[in-house]
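S.K.: Numbering (the numbering used here), first residue to last: 995 to 1050.
Beta carbons are placed, not taken as given, at the ideal position from N, Cα and C, and that holds for glycine.
Source: prediction; values computed, not measured.
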Amino acid sequence: MREAPPFRVLAGRFPVDDLADVLVEGVERRHPAMPEFRLDPGDATDLTAYLKARGR
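1. Since Pro1000 is in the alpha helix (DSSP H), which residue starts that stretch and which ends it?
2. Is the distance from the Cβ of Leu1033 to the Cβ of Val1010 below 9 Å?
3. Where does the unbroken alpha helix (DSSP H) through Asp1012 begin, and where does it stop?
4. CA-CA distance, Glu997 and Pro1035?
See the structure below:
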């Protein structure tokens, strides 16, 4: 989706440390094209570490 920010810029636009909790609790549907999903805590930690590394 063109309107969605690419992962590589999320760390600069969103507090990534807060993102892990959101991903574990479940992402609410905020846009009709966005599916609801949850990650297990380990996957959420891995994803946020990746975003931090890419945001440098």
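M.R.: According to the structure shown:
1. No alpha helix (DSSP H) holds Pro1000; DSSP gives it neither H nor E.
2. Not in contact: Leu1033 and Val1010 (Cβ atoms no closer than 9 Å).
3. 1010 to 1019
4. Straight-line spacing of the CA atoms in Glu997 and Pro1035 works out to 28 Å.
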